[in-house]
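Beneath this line is the structure, given in structure tokens, with notes to follow.
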Amino acid sequence: MKGYANVLNVLVRICFWLVVIGIAVLGLGTALLLISPGLLPVDLSTVPGLTVGGNPVNMELFSSFRTPMMILMGAVVVQLVLLLVMLSKISAALQEVIAETPFSEKCGKSLNTAATLTLISGILSIVMNFYAVFALSDLSNGNVSVQVRTSLSFIIAFVFLKMLAGIAAFGRGEQ
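Residues 155 to 329 (the numbering used here) make up the sequence shown, in order.
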């Protein structure tokens, strides 16, 4: 069990740092669009097929979609921060398994927190999907419209993490 926990913890830490890099890149991009969209290195009217309501995109048209895009990008940053905290809680639970104390209270609390964050992130993803459909419905690239896809697999992850927390609590009671 200790060996598997070590491998999983290494994978969690790799994912953690990839998310940190993702937050930095997306945060800088969001700040750039928010503060000065004129600093975009590409003239949007030269991008083939990028249209809004059938018209080529220019900076004036892009500016009209700036607020919904900022809201969506901010929501993605919030989701990444939730993922970062969730990964740290899973790492804490794996550290308890590595220390051969999988039934500790810290392990159970970490798993419960990770489960709650999974549920919050999944619900936020659903809300983002509905918002994107209404706010960005006119933005298209050729025949492809802008969408945010949502998977309901977060429910399975939530149930799995709650089950693991319950197992930790039961094991603590049995000791």
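A virtual CB, placed ideally from N, CA and C, is assigned to each residue, including glycine.
None of these values were measured; they are calculated from a predicted model.
Using CA coordinates, which residue listed in the options is at the minimum distance from residue i?
i    : options                   : result
V239 : S264, L187 and M227       : S264
A159 : I310, Q249, L237 and S307 : Q249
T221 : L237, A247, V251 and T184 : T184
Q233 : I321, L180 and K156       : L180
V251 : V174, I168 and I321       : I321
Between residue i and residue j, what straight-line distance do the alpha-carbon atoms span, to the nearest angstrom?
i    : j    : result
T272 : M227 : 19 Å
A269 : F314 : 8 Å
S291 : I244 : 37 Å
T267 : V166 : 16 Å
S305 : V231 : 18 Å
F170 : S275 : 16 Å
A178 : V161 : 26 Å
K316 : L182 : 35 Å
L172 : A247 : 20 Å
F324 : K260 : 14 Å
L237 : Q329 : 32 Å
L278 : S307 : 14 Å
F312 : A229 : 20 Å
I309 : L241 : 17 Å
I'd like to check one pair, residue j with residue i: are the Cβ atoms closer than 9 Å?
i    : j    : result
I225 : A319 : no
L186 : M223 : no
Less than 8 Å between the CB of residue i and some heavy atom of the ligand FAD, yes or no?
i    : result
V174 : This structure lacks the ligand FAD; in fact it carries no ligand of any kind.
*Flag this pair as touching only if the stretch 250-262 and the stretch 282-291 have three or more C-beta atom pairs under 8 Å; answer yes or no.*
no
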